[in-house]
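Residue numbers (our numbering): 69 to 230.
The structure appears right after this line, and notes come after that.
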(Lines of atoms letter the chains of each structure in order from A; the text may use other names.)
(Lines give C-alpha, C1' and ligand atoms only; values in the text may rest on other atoms or scores of the structure.)
Protein backbone atom coordinates (compact mmCIF):
# COMPACT_ATOMS: atom_id res chain seq x y z
CA UNK A 69 0.00 0.00 0.00
CA UNK A 70 1.45 3.40 -0.94
CA UNK A 71 2.40 5.97 1.71
CA UNK A 72 -0.24 8.37 0.34
CA UNK A 73 -2.99 5.79 0.74
CA UNK A 74 -1.87 4.89 4.26
CA UNK A 75 -2.06 8.55 5.26
CA UNK A 76 -5.47 8.95 3.66
CA UNK A 77 -6.84 5.93 5.49
CA UNK A 78 -5.43 6.95 8.84
CA UNK A 79 -6.94 10.41 8.40
CA UNK A 80 -6.35 13.54 10.41
CA UNK A 81 -3.24 13.04 12.49
CA UNK A 82 -2.91 16.08 14.72
CA UNK A 83 0.61 17.44 14.98
CA UNK A 84 1.40 20.82 16.49
CA UNK A 85 4.93 22.20 16.33
CA UNK A 86 6.50 25.54 17.19
CA UNK A 87 7.93 26.07 13.70
CA UNK A 88 5.33 25.05 11.17
CA UNK A 89 6.18 26.42 7.76
CA UNK A 90 2.95 25.67 5.95
CA UNK A 91 -0.13 27.08 7.62
CA UNK A 92 -3.26 28.70 6.27
CA UNK A 93 -6.06 30.44 8.06
CA UNK A 94 -9.74 29.83 7.43
CA UNK A 95 -11.43 33.07 8.41
CA UNK A 96 -14.95 34.18 8.99
CA UNK A 97 -15.72 37.34 10.98
CA UNK A 98 -13.73 36.94 14.21
CA UNK A 99 -13.18 33.18 13.96
CA UNK A 100 -9.83 31.94 12.75
CA UNK A 101 -9.04 28.27 12.39
CA UNK A 102 -5.40 27.68 11.59
CA UNK A 103 -4.92 24.86 9.11
CA UNK A 104 -1.55 23.13 9.42
CA UNK A 105 0.07 20.84 6.86
CA UNK A 106 3.75 20.53 7.89
CA UNK A 107 6.13 20.31 4.94
CA UNK A 108 7.90 17.29 6.41
CA UNK A 109 4.65 15.26 6.22
CA UNK A 110 2.60 14.06 3.27
CA UNK A 111 0.30 16.87 2.01
CA UNK A 112 -3.23 15.50 2.42
CA UNK A 113 -5.05 18.51 0.92
CA UNK A 114 -5.43 16.95 -2.57
CA UNK A 115 -7.36 14.17 -0.81
CA UNK A 116 -9.77 16.54 0.91
CA UNK A 117 -8.40 17.02 4.43
CA UNK A 118 -5.71 18.78 6.46
CA UNK A 119 -3.18 17.30 8.85
CA UNK A 120 -4.22 19.53 11.75
CA UNK A 121 -6.53 22.41 12.59
CA UNK A 122 -5.99 24.69 15.55
CA UNK A 123 -9.08 26.35 17.00
CA UNK A 124 -8.85 29.89 18.36
CA UNK A 125 -8.38 30.47 22.09
CA UNK A 126 -11.72 30.78 23.85
CA UNK A 127 -13.83 29.33 21.03
CA UNK A 128 -16.88 27.36 22.06
CA UNK A 129 -16.98 23.88 20.55
CA UNK A 130 -20.04 22.15 19.09
CA UNK A 131 -20.28 18.48 18.18
CA UNK A 132 -22.56 17.51 15.31
CA UNK A 133 -23.84 13.94 15.44
CA UNK A 134 -23.29 11.65 12.50
CA UNK A 135 -25.27 12.69 9.44
CA UNK A 136 -26.19 9.88 7.09
CA UNK A 137 -27.54 9.83 3.59
CA UNK A 138 -31.24 9.95 4.48
CA UNK A 139 -33.37 12.45 2.58
CA UNK A 140 -36.01 14.60 4.31
CA UNK A 141 -38.41 11.64 4.40
CA UNK A 142 -35.81 9.30 5.93
CA UNK A 143 -35.35 7.33 2.71
CA UNK A 144 -31.88 6.07 1.75
CA UNK A 145 -30.71 5.67 -1.82
CA UNK A 146 -28.83 2.41 -2.45
CA UNK A 147 -26.20 4.51 -4.28
CA UNK A 148 -23.09 5.42 -2.26
CA UNK A 149 -22.48 8.72 -4.10
CA UNK A 150 -26.08 9.84 -3.52
CA UNK A 151 -25.82 9.04 0.19
CA UNK A 152 -22.55 10.96 0.54
CA UNK A 153 -23.95 14.02 -1.22
CA UNK A 154 -27.07 13.93 0.98
CA UNK A 155 -25.01 13.47 4.16
CA UNK A 156 -22.97 16.60 3.38
CA UNK A 157 -26.18 18.52 2.60
CA UNK A 158 -27.49 17.40 6.00
CA UNK A 159 -24.22 18.45 7.65
CA UNK A 160 -24.55 21.88 6.03
CA UNK A 161 -28.13 22.15 7.36
CA UNK A 162 -26.94 21.13 10.85
CA UNK A 163 -24.24 23.82 10.69
CA UNK A 164 -26.80 26.42 9.68
CA UNK A 165 -29.02 25.22 12.53
CA UNK A 166 -26.33 26.15 15.07
CA UNK A 167 -25.38 29.38 13.29
CA UNK A 168 -22.09 28.05 11.90
CA UNK A 169 -20.42 27.88 8.49
CA UNK A 170 -18.30 25.16 6.86
CA UNK A 171 -15.11 27.16 7.51
CA UNK A 172 -15.72 26.73 11.24
CA UNK A 173 -15.48 22.91 11.05
CA UNK A 174 -12.22 21.83 12.68
CA UNK A 175 -12.59 18.03 12.44
CA UNK A 176 -14.64 15.48 10.54
CA UNK A 177 -14.96 11.78 11.21
CA UNK A 178 -16.41 9.77 8.35
CA UNK A 179 -17.61 6.18 8.49
CA UNK A 180 -17.75 4.17 5.26
CA UNK A 181 -19.38 0.76 4.95
CA UNK A 182 -17.24 -1.73 3.01
CA UNK A 183 -14.70 0.96 2.16
CA UNK A 184 -12.55 0.50 -0.92
CA UNK A 185 -10.40 2.82 -2.99
CA UNK A 186 -13.18 3.46 -5.54
CA UNK A 187 -15.08 5.45 -2.89
CA UNK A 188 -12.27 7.94 -2.22
CA UNK A 189 -12.98 10.10 -5.29
CA UNK A 190 -16.61 10.52 -4.21
CA UNK A 191 -15.55 11.44 -0.67
CA UNK A 192 -12.84 13.87 -1.79
CA UNK A 193 -15.12 15.64 -4.28
CA UNK A 194 -17.86 16.18 -1.69
CA UNK A 195 -15.45 17.46 0.97
CA UNK A 196 -13.80 19.88 -1.45
CA UNK A 197 -17.21 21.07 -2.71
CA UNK A 198 -18.28 21.90 0.83
CA UNK A 199 -15.04 23.19 2.35
CA UNK A 200 -13.01 24.55 -0.57
CA UNK A 201 -9.48 25.38 0.61
CA UNK A 202 -10.44 25.40 4.33
CA UNK A 203 -10.13 21.62 4.65
CA UNK A 204 -10.76 20.32 8.18
CA UNK A 205 -8.76 17.58 9.84
CA UNK A 206 -10.44 14.29 9.02
CA UNK A 207 -10.42 10.61 9.91
CA UNK A 208 -11.96 7.93 7.71
CA UNK A 209 -13.07 4.78 9.51
CA UNK A 210 -14.05 1.74 7.43
CA UNK A 211 -16.91 -0.16 9.10
CA UNK A 212 -18.86 -3.33 8.29
CA UNK A 213 -22.23 -1.62 8.90
CA UNK A 214 -23.86 1.47 10.40
CA UNK A 215 -27.00 2.06 12.49
CA UNK A 216 -29.40 0.85 9.80
CA UNK A 217 -28.60 -1.70 7.12
CA UNK A 218 -29.03 0.40 3.96
CA UNK A 219 -26.84 3.18 5.40
CA UNK A 220 -23.46 3.31 3.60
CA UNK A 221 -21.95 6.58 4.88
CA UNK A 222 -21.99 8.84 7.92
CA UNK A 223 -20.14 12.08 8.76
CA UNK A 224 -19.81 13.82 12.13
CA UNK A 225 -18.17 17.16 12.86
CA UNK A 226 -16.44 19.19 15.55
CA UNK A 227 -17.13 22.90 15.07
CA UNK A 228 -15.49 26.00 16.59
CA UNK A 229 -18.23 28.54 17.29
CA UNK A 230 -17.82 32.29 17.46
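Where is the CB? At the ideal position from N, CA and C, for every residue including glycine.
Within the same chain, 198 and 199 come within 6 Å of residue 170 by CB-CB distance, once the 5 residues on both sides are set aside. Of the residues 206, 134 and 112, the one whose Cα lies closest to the Cα of residue 216 is 134. The shortest C-alpha to C-alpha distance from residue 179 to any of 106, 187, 227 and 211 is the one to 211. According to DSSP, residue 132 shares a beta bridge with 225.
Counting only runs of at least 3 residues, the region 129-190 fully encloses the following beta strand (DSSP E) elements, listed from N- to C-terminal order: 173-181. Residue pairing by DSSP places residue 210 opposite 180 in a beta bridge. The Cβ neighbour count for residue 227, taken over all protein chains shown within 10 Å, is at least 16; the residue is labelled buried. Where residue 216 is concerned, there is no enclosing beta strand (DSSP E), because DSSP gives it neither an H nor an E. Rounded to the nearest whole angstrom, the CA to CA distance from residue 121 to residue 205 is 6 Å. Under DSSP, residue 195 forms no beta bridge with any residue. Per DSSP, residue 113 has no beta bridge partner at all.
Contact between residue 101 and residue 132 does not hold, since their C-beta atoms are separated by about 16 Å, which reaches or exceeds 8 Å.
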